[in-house]
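Protein chains in written order, with my numbering: chain D, 630 to 1118; chain F, 630 to 1118; chain G, 630 to 1118; chain B, 630 to 1118.
Even glycine gets a Cβ: it sits at the ideal position worked out from N, Cα and C.
Okay, so here's the structure we're looking at.
Protein chains: 4
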Amino acid sequence: MLSIQVTGKRLKKQNREVTKFISSLASDKRISKHVLMINMAHVLALHKSGYISKEDTVSILRFLNSFKLSDELDEDIHYMLERHAIDKLGIKVAGQMNLGKSRNDQVATAIRMELRDTLIRTMEQILSFQDTIIRLSRKYVGTIIPGYTHMQRAQPVLLSYHLLSYFDSLSRTFDRFVEIIKRVNMSPMGSAALAGTTIGLDRRIIADFLGFEGIVRNGIDSVSSRDFAVESIASAILLSLDLSRLSEEIIIWSTEEFRFVELPDEMAATSSIMPQKKNPVVSEIVRARSSFPLSSLVSSFSIIKCLPYSYNLDLQEVTPLLWTALDTVIDSLRMTSKLMDELRFRQDFEKELSEGYTCAAFLAEYLSTKKGINFRVSHAVVGELVSKSQQRGISFRKAAEELLSEIARKYTGKRIILSGKEIGRILNPKEALRMIKTEGGCNPDKMEYELKLREGIIEKQRKTLSLIKSRIKTKLSHLEREVSGFVSE
Amino acid sequence: MLSIQVTGKRLKKQNREVTKFISSLASDKRISKHVLMINMAHVLALHKSGYISKEDTVSILRFLNSFKLSDELDEDIHYMLERHAIDKLGIKVAGQMNLGKSRNDQVATAIRMELRDTLIRTMEQILSFQDTIIRLSRKYVGTIIPGYTHMQRAQPVLLSYHLLSYFDSLSRTFDRFVEIIKRVNMSPMGSAALAGTTIGLDRRIIADFLGFEGIVRNGIDSVSSRDFAVESIASAILLSLDLSRLSEEIIIWSTEEFRFVELPDEMAATSSIMPQKKNPVVSEIVRARSSFPLSSLVSSFSIIKCLPYSYNLDLQEVTPLLWTALDTVIDSLRMTSKLMDELRFRQDFEKELSEGYTCAAFLAEYLSTKKGINFRVSHAVVGELVSKSQQRGISFRKAAEELLSEIARKYTGKRIILSGKEIGRILNPKEALRMIKTEGGCNPDKMEYELKLREGIIEKQRKTLSLIKSRIKTKLSHLEREVSGFVSE
Amino acid sequence: MLSIQVTGKRLKKQNREVTKFISSLASDKRISKHVLMINMAHVLALHKSGYISKEDTVSILRFLNSFKLSDELDEDIHYMLERHAIDKLGIKVAGQMNLGKSRNDQVATAIRMELRDTLIRTMEQILSFQDTIIRLSRKYVGTIIPGYTHMQRAQPVLLSYHLLSYFDSLSRTFDRFVEIIKRVNMSPMGSAALAGTTIGLDRRIIADFLGFEGIVRNGIDSVSSRDFAVESIASAILLSLDLSRLSEEIIIWSTEEFRFVELPDEMAATSSIMPQKKNPVVSEIVRARSSFPLSSLVSSFSIIKCLPYSYNLDLQEVTPLLWTALDTVIDSLRMTSKLMDELRFRQDFEKELSEGYTCAAFLAEYLSTKKGINFRVSHAVVGELVSKSQQRGISFRKAAEELLSEIARKYTGKRIILSGKEIGRILNPKEALRMIKTEGGCNPDKMEYELKLREGIIEKQRKTLSLIKSRIKTKLSHLEREVSGFVSE
Amino acid sequence: MLSIQVTGKRLKKQNREVTKFISSLASDKRISKHVLMINMAHVLALHKSGYISKEDTVSILRFLNSFKLSDELDEDIHYMLERHAIDKLGIKVAGQMNLGKSRNDQVATAIRMELRDTLIRTMEQILSFQDTIIRLSRKYVGTIIPGYTHMQRAQPVLLSYHLLSYFDSLSRTFDRFVEIIKRVNMSPMGSAALAGTTIGLDRRIIADFLGFEGIVRNGIDSVSSRDFAVESIASAILLSLDLSRLSEEIIIWSTEEFRFVELPDEMAATSSIMPQKKNPVVSEIVRARSSFPLSSLVSSFSIIKCLPYSYNLDLQEVTPLLWTALDTVIDSLRMTSKLMDELRFRQDFEKELSEGYTCAAFLAEYLSTKKGINFRVSHAVVGELVSKSQQRGISFRKAAEELLSEIARKYTGKRIILSGKEIGRILNPKEALRMIKTEGGCNPDKMEYELKLREGIIEKQRKTLSLIKSRIKTKLSHLEREVSGFVSE
């Protein structure tokens, strides 16, 4: 009988430099545990269908259980695995392992399994980040900051209200991942090279063993599609936008000019010569790396765009881009969350804002709702009031007390009087915010309610994630138990 | 009383070149009908809360009902609208229109309404494209083509099976749009500039009037977030990938060398000097434009990435990018669908493939499952058979008939015999495909079932879309009825 | 004799919806004058080689001289032009126009001619922007602002020094365009469809008539390459980076917190209710649109990446992307230049910075160079000095006067004494900057020299551009004269 | 005297996780040798200006000569280097090393030095690739292949002519790198943190020691600009486009359907079961990775776009993107060049194309130039001839012999006769190509001239590169000699 070293023969022929150039082994490390599970599930299915004897099944499972990726050069993990199996078990036993499967369906399956895990890690980081936001919002529940449009001060807002805008955006991305994971968690196994196989395999059993919720029905779709990767990257981009904008804010807030926030020493780069200087390095790096998911998408798109069906090796290059995109946001979420927890916010804005113009719009609305002045007119009245206060160099509050009646009469012909107390209340940021009536608005009296609402959302999200994790775990434990049963014999 | 021309005063001051440079009017045309509805709903809500008299409400609604965008220069539609209202109705009436709203929440609301409509149009095009795929698959239900990996012939597949891989990918994108539209269809109105308003407005009523399913709770989130735009663009990218890959295939298939398909004269560019030449221009343009959604995403990301909260004018530039992304895929889906319907596929591949090597893998699996040869060995046996057939210059089928036994004995030591009839069946593409056992596999006997399955999916998708549309329509008709009630008095 | 309506026949066959979908006419408007010149030059060359009679040459040139693009539907300008020529002149005369040329070489030629003009316009805008920088630098030649690293105040710099960093960057991009225009300004004409033609045409004469400096030698390269477009876009990206960063600075500088600069009323969007608020809308739009060249590049790359040689229709979609990229930077340069000219910079930083820590590093260097303290030690000394001043709540200057000797002795064991006058000079921003010794450094005494240097550079750049323009103009005037000679007969 | 451990103190404070997150050490390995040279040149300059004694200079240079990066955690190489220097030499000696320099100017300088080397390596690969093209063109100098437009056969071309189109494109990119390297090779040293230094340093001497051609004059420009990186990446993108398009061609050419080329066994992935199948894996990987420079650009742009001056840590993340872009094209050029050298092209196209329609356009031109038929008419005549040959199922050549006269008479009313020999010559690809008259056209008789021309270009490019390299080498050897002089004392 001839000695058969299928993959060995191939490797002798292929130029080593070529093998090195095209090898996916560096990236395969990350999916190696999934590749082993796939092989286990497949061997069990082959055994169930009578293609492999019990004895051989035991041998192969034992081999798989102890296999470690070596540093040898090879095209990929699949070739290396079979080569080692043949070396160790002989071709008679190992030769059946690949009956009814192909590298094409295996690699798609392994990427989906690893992506599933990575998405779960991302979702856990989102939850943890949202916890931080709530914690910070509670800590600074009454703190007022200026709110901006066009980076110009517009009106006072609550810091907690500002932070909740990030919370809500993150919740939407959490939901996206819940939806994506459903599409990711479908098994390509049984699609073989591109169209299924004549081997009698129950795709559902294999899918179940591997923690999937179902199968990718069409074989060409199974091996050629990477939409699940692209949409995962796209959601990482959405996370990146939140992270980058928040980092931009932290950097601006920690300038000497804005002084909203003081960075913790241990998370900044200080200068020995200027101890007051705390470079916001964590936020700078988060901001810079926020572009990585985007460039993963650009490359992935460019790679996939020109590919006729079915599998082309180009697809191999998409995988590392996927991990870069998600790992970047996981790390950035973790570090930003850590940083947020240590930020010390300035708490004396209330007084400063009482003197300025940021409550002008509240005054205009007040004149409209309480004093019966048409809104566009009350708007004009307050506008002139601001002007006058600037011309005379007096505070807006003083101007309101002294000039409002006169200006209002000029515009409306009517006598409008506001008491000093009334004006004081309207121009006091917190009091003014208390007048906000719209649902979800920035009213200090409603913040407790708003925070409770978000705590409820976190709770719901946490349950959803737990369910996803436990379903996968349960399914994988079936595989583990089955394998143990064989191996321990 | 003073004459107040709020926005007019502003415009006299702003340099006309500046106004032109920053104006969004060109892009506002697309959202103008939504802006009018928003104003109607808002005025009704103000009336309900007692801020506007019935008479004034009637006047304003009549004005809105007949308003048309003019060609005058202005910053945006919101300013132009109020300016015209004041001109026409006087400040006393028109001056209350903007009580409790801002350009920030209005523009976010209008974009969401137009996006909702555009997403629905995209989903309709997907459905129509999937209809085409089913129609084409039924028309060519038994047609065999070579399946490829690495652009090298791998094994025969059914054309309909190949087409269904696109179907399934499109279904996933349809599902994505269903999920996205839920997040899009939430109302920012009532968020005002960034934090809500002291005006007593029921955000739920306004949202209902405008066809929304709920409200974007946080005001800063309402006016600063564009994640709904970015995720819509991202799904357009996924559609683009399908369209580009299919176009690439059509272009390759219609080369003189591949000759899979003949293009319809009326959808190709022919050359008067070479009538046999039909340039696949539709597919070339679809392929080229498939990159437009990606560049929309790149620009959108770059724009949003650096923006601290809340509204910055930069966001205005995201909107046209969003329309470009979706309009491109809508047009490309429509034209490609039209083209697909007219393609004439070659139908004589079955014979050609019977002679070649594309069924070699089937033979290996057959030896493994029916003749008890270990798979890696049967693989080697067939490998040598292919080699020998090439060396001797005989067809693979002939080689199998003459040499298989001998080679098999060399590798296994056993006597393996396949009858000519057996070999003929295995190497006949259609017969070979009939042996495929795995669920969802490319087995001609199962195609009817697979097609039925997809017809069921189309049905389900169509119902989902109908429901979305009818819910919006019903809500909008409430607004229309209410407005009519006032206007007709 | 048969009537021949070559392109007419084609159009009847092609579906109108298809023609509309693939038509480049909208974009062809921009290159129409170049297409006409190309036809003129080509016809003249055909006449010189004896392929067209004098009489016919006159007729065709007259036709070309008066041709206007119509609104009819057609694939492109080339078809429309020949169709009209045949209609007007009859096939006997018009039928020779396209001897020896193809749409492929014509379109590549016309794009290069229009790109040449557009690059020149871009370079003119750069020059004009650099003029503005010099004007502004002279106006504020002594003005001090804080210089930043990590958005933290680092040390005082001169505003003019800051502005010159943009100047130098723009000069490099100017140089890039000079280099690019050399590669752009080569003629593809004579390459015909892809490989040249059997018609005896002197490519050099045609190139000369059209203002080119030479020919693109290889025909496949001529019709398939778009590297000249991609590198033009890439340089627009570099311009965009300067524009975006400068806009970012203007936006930050005009915040209430930084107050470096006051925007001119007529170039900001003011709010009627908060007159102090000036939204920096021009800079916001410039910043947003700075991403357009990048997305042009992404799309162009994705389009070209998959194209085998030679011409594919996909290339048609690159052209509008090229114009978008360059038009965007031309407009943004113009508007930003206009804005810069009107900025009013704050001029009272000198005093503010005298009290703070921004000159701390100067003090450390002083101790090192004048008082013989090892640099790392002097660094530590000043570090402790800053610390102490903060702890004691005294100004850095006061701390230096009171504590420096003591701290220096602690670190060095030596007696180090600085007079109050010495300290005052070191901690005075302008005095401190005067100590800067390195070439090109921010020394107020050297600013005149630095400005002169840049004026010289502008002069040199202006001459280079003049030369480029006049060479093209001279060549084109030859064509014009030649055409006039024929037409006027 | 106090013990001073400046950087050590800092590190104790900074959280290790933070340091790890922001550390650039992984990427600093690549620039470490340049950082050491920078320190040497700087120390020598300090010595020349009298800031460091000869003895200390010797000690520091010896330390630098033997320094190796350790695996310890640190922010970056600059901190690590000074920390080690202080440990080893004591603060008294090591403390002067950083007098007059900053991490900001050092890192910009080191990146420029490494980029200079990497650009040179890229240019060497381009030259070597162009050598391969010439070698291959000579080997197949007479080989005819079909030329394509829209992937439809258009006319015969010479393989060598096709290859030269890549040659010319590569020459343009070579020229770009020559231009870029001039801008890269300017020294930021002496700019210190952002504005120069009070230390008397001759920037020109330091620049010279480090192989630069001049200095980056403005300090803010020096430390904040990364245009040199972006334009290098942009040129890598242009290289990538050539590489991707060529790979696309090789993949298509090696399909069973096109069969233009046979891949070498050792550079393909063969399948043991289908030995005829040779997966073009090298070209697939090159094609996929061609998108890497683009995504480097997208990320770099996004990072830089939002940064106010001067240095922000974000810039650190640009550096690895730059190396990825260039390393990818260097590797891909090398592997593709290797592959090209082993390709075996099919040589029997001449006969096949004689029978088909690819010479139809030559016939039309022939009728126009030799038989006096107006071109649009001769075009129509040949068009009908092609049609008829298809209808009758006879070869184009046979149709020309039998039907041309008749059709020509129908269109022109004249008697036109072509001999069989004449027709045979026109429809023979090689003979037809010989009729091409335009300069640079695909005429077999001119190929030797065209090849010589390109050999001349290679020669010129090689000299340019040699000059660049030798200038740098000479300058660096001055530094080396100077250092040796001190160290060996």
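Any C-beta of chain F under 9 Å from that of residue i
i, result
"residue 643(B)", "no"
"residue 1074(G)", "no"
"residue 894(G)", "yes"
Backbone CA spacing between residue i and residue j [nearest angstrom]
i, j, result
"residue 644(B)", "residue 911(D)", "11 Å"
"residue 1099(F)", "residue 967(F)", "28 Å"
"residue 802(G)", "residue 955(B)", "21 Å"
"residue 1035(F)", "residue 879(B)", "38 Å"
"residue 691(G)", "residue 736(G)", "22 Å"
"residue 864(D)", "residue 752(D)", "11 Å"
Partner residues on chain B for residue i, Cβ-Cβ distance less than 8 Å
i, result
"residue 752(G)", "Neighbours of residue 752(G) on chain B: none; closest Cβ ~16 Å, over 8 Å."
C-beta neighbour in chain G for residue i, strict 9 Å
i, result
"residue 927(D)", "yes"
Residue-chain proximity (residue i, chain D), Cβ-Cβ < 9 Å
i, result
"residue 820(B)", "no"
Chain G contact residues for residue i, given Cβ-Cβ distances below 9 Å
i, result
"residue 781(D)", "883, 884, 885, 900, 903, 905, 906, 907, 908, 909"
Residues that residue i contacts on chain F, provided the C-beta gap is smaller than 7 Å
i, result
"residue 721(D)", "1003"
"residue 1052(D)", "In chain order: nothing, as chain F lies at least about 15 Å away."
Chain B within 9 Å of residue i, Cβ atoms only
i, result
"residue 858(D)", "no"
"residue 757(D)", "no"
"residue 994(D)", "no"
Partners in chain D for residue i, counting only beta-carbon separations shorter than 9 Å
i, result
"residue 1115(B)", "Within 9 Å Cβ-Cβ: nothing; residue 1115(B) doesn't reach chain D, min ~29 Å."
Chain-ordered neighbours of residue i on chain D, where CB pairs are closer than 8 Å
i, result
"residue 824(F)", "776, 784, 786, 790, 1062, 1065, 1070, 1071"
Contact set between residue i and chain G, taken where Cβ atoms lie within less than 7 Å
i, result
"residue 921(F)", "928"
Inset, instruction - Note down, one range per segment and in chain order, each alpha helix (DSSP H) of at least 4 residues found wholly within the stretch 858-921 of chain F. - result: 910-918
Legend entry - chain G contacts made by the stretch 904-918 of chain F, where a contact means CB separation under 8 Å: 908, 910, 911, 913, 914, 916, 917, 918
Legend entry - Under 9 Å (Cβ pairs) to chain G, residues found in the stretch 979-991 of chain F: none
Inset, instruction - For the stretch 931-942 of chain D, enumerate the residues whose C-beta is nearer than 8 Å to any C-beta of chain G, in chain order. - result: 931, 934, 935
Inset, instruction - Compile a chain-ordered list of the residues in the stretch 877-891 of chain F whose CB is closer than 9 Å to at least one CB of chain B. - result: 880, 881, 883, 884, 885, 886, 887, 888
Legend entry - Length-filtered (4 minimum) alpha helix (DSSP H) runs lying within the stretch 981-1033 of chain F: 989-999, 1004-1021
Inset, instruction - Mind checking the stretch 951-974 of chain F against chain D and listing, in chain order, the residues whose C-beta falls within less than 7 Å of any C-beta there? - result: none
Inset, instruction - Check distances from the C-beta atoms of the stretch 647-672 of chain D to those of chain B and list, in chain order, the residues that come in under 8 Å. - result: 647, 650, 651
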